[in-house]
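In this note's numbering, the protein residues as written are 3 to 366.
In this text, a Cβ means the ideal position worked out from N, Cα and C, and glycines have one as well.
The next block holds one structure in the form of structure tokens; read it before the comments.
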């Protein structure tokens, strides 16, 4: 029995040793393949160094737009995030492989996990605070960036304009220098200056003499104007008196003639009314005229008949339109349409009145 147990133990030890050798070979092959593999984490240092070199190659004093700086920062942050992710991934793989391959692998207990959890929570809290601060900075940058860009554009335009103006000033100064060199000013000598001064003094003296003469002439003209104004006022008064006298004489001359004409016209009008038996004449409206006649019937000479002839004219014209007979006394039924129609067409008012009166007298 002991020999069998010993043989079984030796056999188990040989099996465990064979399995260990197989695992070691697998680990070695895995290590070799890991070293030969073209992993991103192996290329990351070179790529990171290349990015750092490019960043340092840029001239920090060179002017940049805020939008370009924001794009560069975003690209760098994205690159660092990818690099961090690859680093954490490869580090976890490395620790996992070492833990599997190592014979004396540390035992991970609940306390270790709790410690790691607390560390992770502390790191997450610090990371959250840093992210919040970074987000505030990004928000401030986004808020200020348009203003900075606007100010930068304005400053750049002003600088360009200033450079253009400076160049124009230099060109103008150079042109003036060339003109002065090509056309120098004549030098004024003392004798020429004295001669010019003497000539100007003589001109000023002659101008003073002319001014005094003109002032004396102005005073004389003022006196003449005043005398003329007084004479004009006197003549105006004389003219007014003369006009009043003329009007008075004309009124006296015309008074006798007007009275004679008035008497003659009044007598003629009275004679005409008595001959035509016209008692009254009234203009009722602008286009309506009433003629009242006193007629004596042949059958009864002691009685009188009052007849009113109403003449209606077209507005704003002198054309006869209608004729009506009326009166306080009864008017006999007389057909006057033929007389009215013919005279209205001819616009013969006097003939119409004569015909109507004749028709009335013949009827009465």
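Bridge partners - residue 325, DSSP secondary structure assignment | 313
Does the region 287 to 301 touch the region 314 to 328, meaning 3 or more C-beta pairs lie closer than 8 Å? yes
| request: Using beta-carbon positions only, say whether residue 297 and residue 276 come within less than 8 Å of one another. | output: no
In the DSSP assignment, the beta strand (DSSP E) including residue 284 goes from what residue to what residue?
280 to 287
Nearest to residue 288 (by Cα), restricted to the options 270, 310, 319: 319
**Asked** Buried or exposed: residue 82, going by 16 or more other Cβ atoms within 10 Å of its Cβ?
**Response** exposed
| query | Excluding sequence positions up to five away, which residues of its chain have a Cβ less than 8 Å from the Cβ of residue 351? | reply | 313, 322, 345
### Message
Based on DSSP bridge pairs, tell me the residues matched to residue 295.
### Response
280, 309
**residue 274, buried or exposed, once every other Cβ within 10 Å from all chains shown has been counted against 16** = exposed
- Please report how far the alpha carbon of residue 213 lies from the alpha carbon of residue 247, in whole angstroms. 50 Å
**Message:** For residue 247, list the residues DSSP reports as bridge partners.
**Reply:** Paired residue(s): none; residue 247 is not in a bridge.
Would residue 68 and residue 132 be called neighbours here (beta carbons separated by less than 8 Å)? no
- Message: Less than 8 Å between C-beta atoms, sequence neighbours within five positions excluded: which residues of the same chain meet that for residue 185?
- Response: none
Notebook entry, point to check: Quick one, are the C-beta atoms of residue 143 and residue 72 less than 8 Å apart?
Noted result: yes
Cβ-Cβ distance between residue 362 and residue 286 below 8 Å | no
Cutting at 7 Å between CB atoms, please list the residues of its own chain near residue 56, excluding the five before and the five after it. none
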